[in-house]
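Following my numbering, the numbering of the sequence shown begins with 19 at its first residue and continues without gaps. We put the CB at the ideal spot given by N, CA and C, even for glycine. Quantities reported herein were computed from a predicted structural model and do not represent experimental measurements.
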Amino acid sequence: PGHVKGTGTIRLAENGPRTTTLFYEGDVQVGGMIAAVGPRLIEGGAKLLVGQGLKALAQRVEQQA
Numbered sequence: 019p020g021h022v023k024g025t026g027t028i029r030l031a032e033n034g035p036r037t038t039t040l041f042y043e044g045d046v047q048v049g050g051m052i053a054a055v056g057p058r059l060i061e062g063g064a065k066l067l068v069g070q071g072l073k074a075l076a077q078r079v080e081q082q083a
């Protein structure tokens with residue numbers, strides 16, 4: 019048992035007629051037994067999930083272009 023609570027923000031900024039920059043940030047709080055796996059493992063998992071999400075978003079944007 020344990021808990022994970024998080025919040026995040028995504029902001030888009032137009033850089034030109036066909037260029038947009040995506041900024042993101044987040045905060046996660048982990049507690050209970052799940053926190054025992056260690057910050058490095060949790061951070062690695064979070065980076066993997068963010069990377070997968072951004073890759074999927076990029077593929078969708080390319081399909082729409």
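- In the three-state reduction of the DSSP assignment, Arg29 falls in the strand class.
- DSSP places Gly50 in the uninterrupted beta strand (DSSP E) bounded by 37-50.
- For Val79, the enclosing alpha helix (DSSP H) covers residues 57-82.
- About 7 Å separates the CB atoms of Ala64 and Val46; that is less than 8 Å, so the two are in contact.
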